[in-house]
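Visitor:
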Amino acid sequence: MKIDDLIQKELKDPEFAANFQAEGEKLDTAIALYKAREEAGLTQAELAERAKTTQATIAKIERGDNVSFEKLAAIAHAMGKKLKVEFA
1 MKIDDLIQKE LKDPEFAANF QAEGEKLDTA IALYKAREEA GLTQAELAER
51 AKTTQATIAK IERGDNVSFE KLAAIAHAMG KKLKVEFA
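Start counting the sequence shown at 1; every next residue gets the next number (the UniProt record's numbering).
#1: With DSSP collapsed to three states, give me the class of Thr43.
#2: Would you tell me roughly how many angstroms separate the C-alpha atoms of Thr4 and Thr43, rounded to the nearest one?
#3: On the three-state DSSP scale, how would you describe Ala88?
#4: Could you give the first and the last residue of the continuous alpha helix (DSSP H) run that contains Lys81?
#5: Ala59: beta carbon under 7 Å from a heavy atom of the ligand ADP?
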């Protein structure tokens, strides 16, 4: 069975679907931060220093760990950006 077929089958379970969506949203956040940091030409340590946090925190977010809105906003501001939240 192909992974896409398995996922489609499992998505019929509401609990699986909710967890799948939540993990996807965390991954989207991780990718967005990574891309923004790379575009700014910053290492994790440099961004952490600017955002008054630790390199470990930046690494955790880029791995998809949960993060507060306030922390994401501080990181965005440290790169000269604003945080934009969108309900799609």
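In this text, a Cβ means the ideal position worked out from N, Cα and C, and glycines have one as well. Given the structure is predicted, the values throughout are model-derived calculations rather than measurements.
Guide: Reading it off the structure:
#1: One-based indexing of the sequence shown puts residue 43 at position 43. The answer is coil: DSSP assigns Thr43 none of H, G, I, E or B.
#2: As a working mapping, residue 4 is identified with position 4 in the sequence shown. As a working mapping, residue 43 is identified with position 43 in the sequence shown. The amino acid at residue 4 is misidentified as Thr; the sequence shows Asp. When rounded, the distance between both Cα atoms is 34 Å.
#3: Sequence index remark: in the sequence shown, residue 88 carries index 88 (1-based). If DSSP states are grouped into helix, strand and coil, Ala88 belongs with coil.
#4: Indexing the sequence shown from 1 puts residue 81 at position 81. Here Lys81 belongs to no alpha helix (DSSP H), and DSSP marks it neither H nor E.
#5: Although the ligand ADP was asked about, the structure shown includes no ligands whatsoever.
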